[in-house]
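S.K.: Provided herewith is a single structure, encoded as structure tokens, for subsequent inquiry.
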Amino acid sequence: MSEKTAIVIGASRGIGLGLTKELARRGYKVIATQRGESEGLREAARQYEPAIEIAKCDVTDKNSVAGLKGKCGDGSVDLLIVNAGVWGPQDQSLEDLDREKMADIIETNAIGPAHAALALLPLLKKGGTVGMMTSKMGSIADSSGGTNYYRVSKVAQNMLSRSLFEQHAKDRGVGVLSLHPGWVQTDMGGPNALIDVDTSVNGLLDVLENESEPRHAFIAYDGQTVPW
Ligand SMILES: NC(=O)c1ccc[n+]([C@@H]2O[C@H](COP(=O)([O-])OP(=O)(O)OC[C@H]3O[C@@H](n4cnc5c(N)ncnc54)[C@H](OP(=O)(O)O)[C@@H]3O)[C@@H](O)[C@H]2O)c1
27 MSEKTAIVIG
37 ASRGIGLGLT
47 KELARRGYKV
57 IATQRGESEG
67 LREAARQYEP
77 AIEIAKCDVT
87 DKNSVAGLKG
97 KCGDGSVDLL
107 IVNAGVWGPQ
117 DQSLEDLDRE
127 KMADIIETNA
137 IGPAHAALAL
147 LPLLKKGGTV
157 GMMTSKMGSI
167 ADSSGGTNYY
177 RVSKVAQNML
187 SRSLFEQHAK
197 DRGVGVLSLH
207 PGWVQTDMGG
217 PNALIDVDTS
227 VNGLLDVLEN
237 ESEPRHAFIA
247 YDGQTVPW
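By the count of the working numbering, the sequence shown reaches residue 254 at its end, each step adding exactly one.
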């Protein structure tokens, strides 16, 4: 049986760390990235040795993304999950919009992830899938407004993911899913979130593994389509 390979960018904690552990449990070799030193990721690598290889990556740094290219051969990766993301500043009201703060969050949540996905696309197998971690908060059709920096950054990511699929991935037979993980109990989601990390990551990986035809779609962890 051939080995399955996944890359998870932003695996130091929260959903990314959960995805990394669950991928290892499902038999994948996982390249899992951190920016600083993550004790949680180091512990996971020990627990699932030799399935998890730790690498460095900051999605806002092109050189650090390029450093990941040598980790796997072209056409060898089944899943690339670009999970990295930030919430942004406390005050995100329309009255307080600030150009620099908007640029910062778009850089981390949209431009960096799109650049990383494009740069690493040659590593994907035909039939492989890129999972872009977005949020239902980036749905215009399903929005009550507010939290403007974060929402705008995820809307921007969704459009860049569409471009990635239509202009680069489709011809290679690679799908791109914009993924909503649910409201999850992590540092970002907070303790009052509706679901735990295990529920989210199991659902997300079921969604990713059940893809049969390359497409770009906005899908939640429970398999539901999210309106754009
Ligand atoms: N939790 C939720 O309810 C929820 C809901 C919808 C969508 N999401 C999305 O799901 C993803 C993961 O969220 P989470 O709840 O697990 O958040 P989290 O606990 O705050 O973790 C965020 C992860 O992203 C990494 N990261 C941040 N900036 C990065 C950069 N420039 N380059 C590389 N990695 C970077 C962090 O690394 P460091 O440890 O180095 O900071 C960390 O591993 C995010 O994209 C988020 O927007 C979460």
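Idealized CB from N, CA, C, for every residue including glycine.
Relative to ligand 1, is the shortest distance from any of its heavy atoms to the C-beta of residue 40 smaller than 6 Å?
M.R.: Yes, Cβ of residue 40 sits closer than 6 Å to a heavy atom of ligand 1.
S.K.: Comparing the CB of residue 207 with every heavy atom of ligand 1, is any distance shorter than 6 Å?
M.R.: Yes, since a heavy atom of ligand 1 falls inside the 6 Å radius drawn around the Cβ of residue 207.
S.K.: Taking the alpha helix (DSSP H) that residue 176 belongs to, which residues open and close that run?
M.R.: Element bounds for residue 176: 174-190.
S.K.: Ligand 1 and residue 46: does the residue's C-beta get closer than 6 Å to at least one heavy atom of that ligand?
M.R.: Residue 46: no, Cβ never under 6 Å from ligand 1.
S.K.: Roughly how many whole angstroms lie between the Cα atoms of residue 169 and residue 89?
M.R.: Spanning the two alpha carbons is a distance of roughly 36 Å.
S.K.: Report buried or exposed for residue 123, applying the criterion of at least 16 other Cβ atoms within 10 angstroms of its Cβ.
M.R.: So residue 123 ends up on the exposed side.
S.K.: Of the choices 181, 93 and 58, whose alpha-carbon is the least far from that of residue 105?
M.R.: Among 181, 93 and 58, the Cα nearest to that of residue 105 belongs to 58.
S.K.: Consult DSSP for residue 79 and reduce its assignment to one of helix, strand or coil.
M.R.: Strand at residue 79.
S.K.: Rounded to the nearest angstrom, what separates residue 185 and residue 212 at their Cα positions?
M.R.: Each residue's Cα considered, the two are about 26 Å apart.
S.K.: Should residue 72 be labelled buried (16 or more other beta-carbon atoms within 10 Å of its own) or exposed?
M.R.: Under this definition residue 72 is an exposed residue.
S.K.: Tell me whether residue 213 counts as near ligand 2, meaning its Cβ is closer than 6 Å to at least one heavy atom of that ligand.
M.R.: No copy of ligand 2 occurs in the structure displayed; its ligands are ligand 1 alone.
S.K.: Should residue 240 be labelled buried (16 or more other beta-carbon atoms within 10 Å of its own) or exposed?
M.R.: Buried: at least 16 other Cβ atoms inside 10 Å.
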